[in-house]
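Engineer: Take a look at the following structure, please.
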Amino acid sequence: MALPISRHKALREWKLYFFILPSLLFIGVFSYFPAGSAIYHSFFDWQGGDNKQLIGFENFSRALHDPVLWSSFGTVSVLIVFNLIKMIPAILMAVLIHRLKSDRAQYGYRVLLVVPMIVPGLVTLFIWKFFFDPNLGVLNNVLDFTGLKTVLVHLDQFFGWDVFFANAPIGWLSQPALILPSLFLWGFPWIGAVGVLIYLAGLQSIGQEVYEAAELDGVGPFQKFLYIELPLILTQVRLSLVLLIIGTLKDYGLQLVLLGDTGGPGGRGMVPGLWMYNRAFIAGEFGYACAIGMILFVFILGLTYLNNKYVRVDK
Amino acid sequence: MSAALNDSVGSRRHRDWPKHLVLIAILCIELFPLYMMLQVSMKDNASFIQNPWLPQPPYAVTEVRSAPVAGQPDVVHNRTATWTEVLHGITPALVPDPALISAEKHFDLGVYRVGNLVNGVKIVGPYVANTVFVALTGTFLSLSLAIFGAYFFARYRMPFAGVLWGAFMLLMLLPGVANIVPLFTLLKDLGLLNTLSALIIVGIAGGQVFNIFVLRNFIEDLPKDLFEAAEMDGASHLQQIKTVVLPLAAPIIGTLAILAFLGKWNDFLLPLIVLRDKELFTLGVGLIYLDGEYVKQWGQIMSAYFIASIPLIIIFLFCMRLFVRGLSAGAVKG
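So the protein lines, in turn, are chains A and B.
For the first sequence, our numbering assigns the number 1 to the initial residue and increments by one for each residue that follows.
For the second sequence, our numbering assigns the number 316 to the initial residue and increments by one for each residue that follows.
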């Protein structure tokens, strides 16, 4: 804790306020001002220039009846579910690494995990875009090579999906029905280095004697996970769960890069953030974009509130 | 030590090799994009289609064909060798080519398209330079300000410090999602559109909250005696930061710096709306531009991606320990 300070001494130390002033100035101008401006402008018909017209709640009532916005919230809910599933491999990976006996091997795997981070995130996205390419793409090649494509075609005929055909390459990013599956598949095997390292740090606090006691009691590997390991990383899991949900709600870079600013064919990859971006910078409807931002903001704020109230993260 | 102990207490039944097997398999898939980037970056489209999976063997095949019109000289065609040709020699094709006179395999390092890399440097080099400038300046300024700010909060409980702290922490709860539209018009009004300073300034503002939060906790945990001793010696607050905070907080500052640098390196949403001139493009915008513009010469594109990764590779090589430990330690602290 910071030392308490008498009023007299604080007066003598007034120069200390200059230490915080720059930071304060920066967040005031570039964080608080835009936030206030967004609230203010969500009540205006505004093209981004000097002309604006107060229209009250019209932007919001328009948003209420905007089918694109509502379907985009549907899409982002699906993506959140996807991302929750994608958390599992990182947890399992961390547990596997932790259970190795040799410390050297553990460190080696940690380093290997970090290696993919040398590729900038955007480049990874573009490499995946290349994987999804229908003709030269790696994914279609792998499916052809392993014969999985025939399986997919048979399944397609059986269920009547109408997306996989024996004589045509699979258009992962060009067929509306395949947009969501592609957004799921992206990043396979879904091991985020940061996540694994965070879980590993949590697992590190398990003493060796706990394992020894468990083994003496004849506890199997699965039970060990359920009763020893999972409870200890639950804090980290919950924390990354919350961050993940909020992150997925507001992120739209992935969709912008893979599918373009209209959310791909049929707008199937449209998410609220991307719709806000689209309205502001493609259609020039800045006022409406601010209103979409506010709606999204309320959603996220609600989640943050629920999180602080019900998901206690013990420090 | 602990490994030996563990072994003696009945885990002899559990061998490690199945775990290694699973881990290695997963890591192979995880590293696959990296592998593809590296090996495709040395190929041209023809050899990529001929051999998409494996690196190019260092052999070329010279094929001599009789000319389609009699009386003209033979057509000499150079192509890259496939792995089967390298391992088993050139076998006649299933459908023999009647015009083929001879085909000869020879060692040739020229199959590696180093030109791709040169081209990549030409295309991406300026973007990388811009990004390095933005990320380095931004990280440096952002962390300097954050150190001062954290020192303010950590050293004494000054009047109004609670309110100010609240102002920072509120931003941690508020998502910056609605900001980007007004931020754009703000930058326009300040005349900062289409400048690199805009990216640096917004980056500084964005980094304050998290960095001050982490650094405050760290500085508060430092022994108070150190500050008091320095004060006895007549050290001003600036000197205390220099002699006490900086040396002791170096590891955490390093970790924060790497995280900030990575964040700025990967950012493309802000540059995309701020930058217009091609000379000012940072990596993010540049790559999106490249993706839209080029006829897909995968080799050239992949080598451009490779060039884009080099600065991070350098950082990784020098700071790997800091990186791995820092991420783990930072995670424990919260």
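Think of the CB as a built atom: it goes at the ideal place given N, C-alpha and C, for glycine as much as any other residue.
Keep in mind that this is a model prediction, so the values were computed, not measured.
In the DSSP assignment, what are the bridge partners of F422(B)?
Structural biologist: DSSP, once it has assigned bridges, lists Y374(B) as partnering F422(B).
Engineer: Please state the DSSP three-state secondary structure of I567(B).
Structural biologist: Here I567(B) sits in helix by DSSP.
Engineer: Using only the alpha-carbon positions, how far apart do G325(B) and M473(B) sit?
Structural biologist: Here G325(B) scores only 41 on pLDDT, less than 50, and its place in the model is too uncertain to base an answer on.
Engineer: Could you have a look at H8(A) and say whether DSSP puts it in helix, strand or coil?
Structural biologist: Note: H8(A) maps to helix in three-state DSSP.
Engineer: At which residues does the beta strand (DSSP E) containing L259(A) begin and terminate?
Structural biologist: Element bounds for L259(A): not the beta strand (DSSP E) but the alpha helix (DSSP H), 253-259.
Engineer: What is the rounded straight-line gap between the Cα of A545(B) and the Cα of G56(A)?
Structural biologist: Whole-angstrom Cα-Cα distance: 59 Å.
Engineer: May I ask you to list, following chain order, the residues of the segment 447-469 of chain B that have a beta carbon less than 8 Å from some beta carbon of chain A?
Structural biologist: So the close ones are L460, A461, F463, G464, Y466, F467, F468, A469.
Engineer: Is any non-hydrogen atom of the ligand PLP found closer than 7 Å to the C-beta of F467(B), if you look at the structure I gave you?
Structural biologist: Absence of the ligand PLP from the depicted structure is noted, as is the absence of any ligand whatsoever, leaving it without description.
Engineer: Who are the neighbours of W613(B) on chain A, taking C-beta pairs under 8 Å?
Structural biologist: Within 8 Å Cβ-Cβ: F130, L136.
Engineer: Any beta carbon from chain A within less than 8 Å of E345(B)'s own beta carbon?
Structural biologist: With 8 Å as the cut-off, E345(B) counts as an interface residue toward chain A.
Engineer: Any beta carbon from chain B within less than 8 Å of I360(A)'s own beta carbon?
Structural biologist: In the structure as shown, chain A starts at 1 and stops at 315, and residue 360(A) therefore has no counterpart that could be examined.
Engineer: Could you name the residues of chain B that R99(A) contacts, counting a contact when the two beta carbons are closer than 7 Å?
Structural biologist: Ordered by position in chain B, the residues that pass the 7 Å Cβ test against R99(A) are K334.
Engineer: Quick one, which of L508(B), V517(B), I603(B) has its alpha-carbon nearest N494(B)'s?
Structural biologist: Cα-wise, what sits closest to N494(B) is V517(B).
Engineer: To be precise: take each residue of the segment 515-529 of chain B, compare its Cβ to all Cβ atoms of chain A, and keep it if any distance is under 8 Å. Which residues remain?
Structural biologist: Going along the segment 515-529 of chain B in chain order, one finds I516, V517, I519, A520, G521, Q523, V524, I527 with a Cβ nearer than 8 Å to chain A.
Engineer: Hey, out of G477(B), I339(B), G425(B), whose CA is closest to P372(B)'s CA?
Structural biologist: The option with the nearest alpha carbon to P372(B) is G425(B).
Engineer: I want to see whether chain A comes within less than 8 Å of A623(B), judged by CB atoms only; does it?
Structural biologist: Taking Cβ atoms only, chain A reaches closer than 8 Å to A623(B), which makes this a yes.
Engineer: Kindly indicate if chain A contains any beta-carbon less than 8 Å away from that of N581(B).
Structural biologist: Yes, because at least one Cβ of chain A sits closer than 8 Å to the Cβ of N581(B).
Engineer: Nearest by alpha-carbon distance to I127(A): which of I416(B), L346(B), A461(B), A564(B) is it?
Structural biologist: Of the candidates I416(B), L346(B), A461(B), A564(B), the one whose C-alpha sits nearest the C-alpha of I127(A) is L346(B).
Engineer: Take K593(B) as the anchor and find which of S362(B), L530(B), V443(B) has the nearest alpha-carbon.
Structural biologist: Selected option, being the one with the closest Cα: V443(B).
Engineer: Would you call the CB atoms of K309(A) and G273(A) closer than 8 Å?
Structural biologist: Not closer than 8 Å, so no.
Engineer: Buried or exposed: where does F596(B) fall if 16 or more other Cβ atoms within 10 Å of its Cβ makes it buried?
Structural biologist: So F596(B) ends up on the buried side.
Engineer: Strictly below 7 Å CB to CB, what residues from chain A border V436(B)?
Structural biologist: None at all; the shortest Cβ gap to chain A is about 15 Å.
Engineer: What number of angstroms, rounded off, separates the C-alpha of N393(B) from the C-alpha of V196(A)?
Structural biologist: Roughly 48 Å separates the two Cα atoms.
Engineer: What residue from V257(A), L200(A), A193(A), L232(A) has the CA that sits closest to M117(A)'s CA?
Structural biologist: For the residues V257(A), L200(A), A193(A), L232(A), the minimum Cα distance to M117(A) belongs to A193(A).
Engineer: DSSP state of D162(A), grouped into three classes?
Structural biologist: Here D162(A) sits in coil by DSSP.
Engineer: Out of L637(B), V529(B), I625(B), which one is the CA nearest neighbour of G440(B)?
Structural biologist: Closest by alpha carbon: I625(B).
Engineer: If the cut is a Cβ gap below 7 Å, which residues of chain A does R472(B) touch?
Structural biologist: Within chain A, the residues near R472(B) are A2, L3, P4, I5.
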